[in-house]
Every structure is written in C-alpha cells, then in structure tokens.
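Heads up: the structure comes next, in structure tokens.
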Amino acid sequence: MILIKNGKILTRRGVVEGNLLIEENRISKIGDVWDKSDIVIEAEGKAVIPGLVNCHTHAAMVLFRGYADDMYLHEWLQEKIWPLERKLTERAVYWGTKLACIETLKSGTTFFNDMYFFPESVARAVEETGIRACISSAFFDFFNPGLLEEALSRAEKEIRALDNYERVIPAIGPHAVYTVSLDGLAGSMDLAKKYNTFVHFHLAETREEILEFEKRYGKGIVRALDEIGFLSDRLIAAHSVWLKDDEIDLLAKRGVSVVHCPTSNMKLCVGGVLNFREMKRRNLNVTLGTDGAASNNNLDMLEEMKFASLLQKFYYGDPTIMKAEEVFAMATKNASKAFKLDLGMVEEGYLADLAIVDLKKVFMRPSHNLVADLVYSASGCCVDTVIVDGKVVIKNGHHKQEEEIIERATEVARDLVNIE
Numbered sequence: 130m131i132l133i134k135n136g137k138i139l140t141r142r143g144v145v146e147g148n149l150l151i152e153e154n155r156i157s158k159i160g161d162v163w164d165k166s167d168i169v170i171e172a173e174g175k176a177v178i179p180g181l182v183n184c185h186t187h188a189a190m191v192l193f194r195g196y197a198d199d200m201y202l203h204e205w206l207q208e209k210i211w212p213l214e215r216k217l218t219e220r221a222v223y224w225g226t227k228l229a230c231i232e233t234l235k236s237g238t239t240f241f242n243d244m245y246f247f248p249e250s251v252a253r254a255v256e257e258t259g260i261r262a263c264i265s266s267a268f269f270d271f272f273n274p275g276l277l278e279e280a281l282s283r284a285e286k287e288i289r290a291l292d293n294y295e296r297v298i299p300a301i302g303p304h305a306v307y308t309v310s311l312d313g314l315a316g317s318m319d320l321a322k323k324y325n326t327f328v329h330f331h332l333a334e335t336r337e338e339i340l341e342f343e344k345r346y347g348k349g350i351v352r353a354l355d356e357i358g359f360l361s362d363r364l365i366a367a368h369s370v371w372l373k374d375d376e377i378d379l380l381a382k383r384g385v386s387v388v389h390c391p392t393s394n395m396k397l398c399v400g401g402v403l404n405f406r407e408m409k410r411r412n413l414n415v416t417l418g419t420d421g422a423a424s425n426n427n428l429d430m431l432e433e434m435k436f437a438s439l440l441q442k443f444y445y446g447d448p449t450i451m452k453a454e455e456v457f458a459m460a461t462k463n464a465s466k467a468f469k470l471d472l473g474m475v476e477e478g479y480l481a482d483l484a485i486v487d488l489k490k491v492f493m494r495p496s497h498n499l500v501a502d503l504v505y506s507a508s509g510c511c512v513d514t515v516i517v518d519g520k521v522v523i524k525n526g527h528h529k530q531e532e533e534i535i536e537r538a539t540e541v542a543r544d545l546v547n548i549e
C-alpha cells in the first residue's frame, strides 16, 4: 500500500486537501485517511493529479531529436526521416523507446499511444521502465496488393505477441491514406474488431493529403472511410486538422476520438488548425498528443497543453476558446474515454496512475487556480513523483535507470545518424 499525505488532490469535484490511499493498483480512499502503509509519500506543498495521457506519439523518434528541423512535412519525411528509419534495428528502437519512456514519465505522463516499428522492442521498454502504453506497429501497403496481405499477417502476429506484456494494449497502426490503401484500412479495422482493440491512424494532417486523396478516389477522406466501415469508437485519429464541419459531425456520430498535436502541427507548418470549436459543438472526443520528438521536439504534455490552448486562442482570435479545464480534460479524462480505461481522474476505484507536482517552484507561486497553473505555468520540471499501476516509478524527479538509458540511447542515435 502507498499513502500520500497532506497533498492538494485534484478530483473531479475540485481540490481536496488531505490524504490518498493506494491499495494494489487502485486508488482506494481519498480524504481523511491514515494507514500503516508500506510507502508513505509526503505531499505537503504539492498537487496530486491524474497521470497525463499522450494520445499520439512515435516514442523511439527521440533518437532523431534535432536531426531534421525547419522543413515541410513531406520533404521532412521523404528526405530525412524515412531514409533514416530504414536503418533502424530492434536495439535502436528498444533504447530509443526507453529514453522516451523516462522523458515521458518525468513530465507527469503515465500512458502513451505509440505507432512505430519493432513493437516487441517497444513493449520490453515499456515493461522495464514501468509506464503504460498502447502499442501499434506502423502498417504500410503502398497500394500494393501483395504487400497488403503480408502487412495484415504481420500485424496480426504482432498483436498476439504483445498480449504477453503488462500494462500494454496491443493495437494496429495503419499509417495514413497516402501510404495505405482503402483495402488495407478496412483490413486493419477488421483486425481491431477481431482482437477487441484500437486503430491508431494519421488523419487529415495536411491539405495536400486531402487533395491527393480526392484525386485518387474522387471523394472526401472521411466519407470514404465511413463507407468501408473504418470509422468507429476503436479509431484514434491523430491530427484531424483539415476537416469540414460535416466530416466532424460524422466522426462524432461514429464515436471516433481525435488527437490534437499543436506543437508538431505548428513546427511542420501543416497550414491549418484543429477546429476545436466545431468539435466541441458536436461532442467529438478530442484528446492531446505530442507527436514524435523529431517534430516537437520533446514529450512534455504539460507544455503541450499550454501550446494547444494558446494556438486556439491566437488562431481564432478568441481568448475564451479551449479553456484550461478543457485542455486538461483532453490530456486526462478524454483520453481515458478513448481507450476505455479507468484512468485520467483521481477518484476512488480508478487506476493509481498519478503525478505529484511541486507547487513550491517559483513559477508556480502564488497559486489561485490549480488547473490554470498546470496548463499555463507548469512544465515537466515541476514533477516530483510519478506512480503507475500502483508503483512509484519517478521519485524526487528521477528514474532509477535514467543514467544508463541516456548513455545507451545517445550511443545508438550517434551510430544511427552516422551510418552511410
């Protein structure tokens, strides 16, 4: 058992000052509770908040941090990222993911949704660092029927293989409409239904993607995806920038969750902004993600919340849009809705995935509104303690494997970039 004492506990009813008891991997009691626990954490001057959820990333891309900056998306992919990714090994992805895991944990995020290569290497990294993740292997068929059958077979094997790992949800990750055929997308959703899991997908990130699709198929993306049965509450659709109002309406009706990735969208200059106002009006579930560190260039969800809110306010000329409480929900309870898990809130009976934030930092004082402070003032350096599945994984801002992981991942990245 773990007892957290004297904290400012952020619940759905507001801030409760007191104690929190964790038994096994669940929050068992909040309030005036005392217990002879195995571990006692003093949280005076600190806030106990739900662990944040990063709903779209490519974890091992931390290896490419700072490697290819200030480029347009398609040139960035075709000239820099894809050539380097062809050189990736299981070892590189393993150490890159471990580095991403500790960076993620140290900034208060306890769950991430990953799409990349060598999913078993990703799962090992997740298991060994103590974080929680949904893992999908990137799926491509490049409109080749021969590649499609092979890709679907591989995806099914990988879903089965990941079933053996703790705190891992196996999923399927068809990359995007410009790299996967409609048959491939339909097949991936069929697999998700068969194994009762999720599809992780890039949707409407750029205007070029929309125009190319319409030229190829003679219809809009969202309507075409609906016709093949691809839209459902199993779909986690990253970016979702270039959408018309009727398309937003259809996504909402089908129960799709979308992921806002503001920093990556701004950095790669995708030319538009997620239409939060219309998504909110239609009750579309909107979550938040960092994208990969190659296009962000970090995995700090506290920072991402601020950028998300400020981008909406600036773009639409409306300071009331995407309030602090709304963007905080995107990073917590909306994400839990997308993945159908009891997390994202500090409530009795919920999974004990928590972050403890130091409110004594100079930029967190004075404090008038905890949620606003978390969104507009905080950053990963405020995070003191992180608990995942009822176990302490970050203590005093430090992960026990941190030094070794940083050293090994740096070596791997250096070797990878220098390979000719």
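Count along the sequence shown from 1, then add 129; that gives the number in the working numbering. Just so you know, even glycine gets a beta-carbon here, dropped at the ideal spot from N, CA and C. The model shown is predicted, which means the values in this text are computed figures rather than measured ones.
Proximity below 7 Å, CB of A315 to CB of I357: yes
Beta-carbon spacing of A467, S386 below 7 Å: yes
Sequence ranges, alpha helix (DSSP H) only - wholly within the stretch 248-303, length at least 4: 248-258, 274-291
Residue from L488, P495, S266, V144 whose Cα sits closest to the Cα of I288: Of the candidates L488, P495, S266, V144, the one whose C-alpha sits nearest the C-alpha of I288 is S266.
T552 in three-state terms, based on DSSP: Because residue 552 is not part of the residues shown, which for the chain are 130 to 549, the question remains open.
Beta-bridge partners of P179, as assigned by DSSP: L483.
Reduced DSSP secondary structure (H/G/I, E/B, other) of N394: helix
Proximal residues to R543 (C-beta, below 8 Å), its chain only, five neighbours per side dropped: none
Cβ pair count under 8 Å reaching 3, the stretch 216-229 against the stretch 146-166: no
Contact set for E549: own chain, Cβ-Cβ below 8 Å, skip 5 residues either direction: Residue placement at E549 is flagged as unreliable, the pLDDT there being 44, under the threshold of 50; the coordinate-derived value follows with that caveat. For E549, where only same-chain residues beyond five positions count, there are no Cβ hits under 8 Å.
Uninterrupted alpha helix (DSSP H) stretches inside the stretch 429-482 (no shorter than 4 residues): 430-445, 453-459, 462-468
Anticipated Cβ contact below 8 Å, F359 with M318, distance rounded: That pair is a contact at about 5 Å.
At least 3 beta-carbon pairs within less than 8 Å: the stretch 501-517 vs the stretch 428-441: yes
Identified DSSP bridge partners for G136: G147
Exposed unless 16 or more other CB atoms sit within 10 angstroms - verdict on Q207: exposed
contact_flag[the stretch 442-450, the stretch 465-483] where n(CB pairs < 8 Å) is 3 or more: Because the criterion of three Cβ pairs below 8 Å is not met, the stretch 442-450 and the stretch 465-483 do not touch.
Member of L192, I138, I231, T140 whose CA lies at the smallest distance from the CA of E122: Shown here, the chain extends from 130 to 549; a query on residue 122 therefore has no answer.
Among A172, T186, L149, V222, the one whose alpha carbon lies nearest that of D429: T186
Alpha-carbon to alpha-carbon, R253 and E343: Roughly 40 Å separates the two Cα atoms.
Sub-7 Å separation of A188 and T226 beta-carbons: Result yes, Cβ atoms of A188 and T226 sit closer than 7 Å.
W224, buried or exposed, once every other Cβ within 10 Å from all chains shown has been counted against 16: buried
Cutoff 7 Å; reference G195; Cβ partners in own chain excluding five residues on either side: Closer than 7 Å at Cβ, skipping near neighbours: N426.
H527 versus K235, K158, A538, residue with shortest Cα-Cα distance: K235
Residue of K209, W211, S250 minimising C-alpha distance to A229: S250
Three-state secondary structure assigned by DSSP to T559: This structure leaves residue 559 out entirely; the chain is present only between 130 and 549.
Between the CA atoms of Q441 and F327 - distance to the nearest angstrom: Pairing F327 with Q441, the inter-Cα distance amounts to about 28 Å.
Backbone secondary structure at E171 - three-state DSSP: strand
Simplified DSSP state of V388, which is helix, strand or coil: strand
Y307 in three-state terms, based on DSSP: coil
Buried or exposed (CB count within 10 angstroms, at least 16 for buried), P391: buried
Same chain, Cβ closer than 7 Å to L311, five either side skipped, listed in chain order: A353, I357
Separation of E257 from Y294, as counted between CA atoms: Spanning the two alpha carbons is a distance of roughly 10 Å.
Reference A422, options Y245, V177, K489, closest by Cα: Considering only Y245, V177, K489, the residue with the shortest C-alpha distance to A422 is Y245.
Helix, strand or coil at E152 [DSSP, three-state]: strand
Distance CB(D270)-CB(G313) smaller than 7 Å: Result yes, Cβ atoms of D270 and G313 sit closer than 7 Å.
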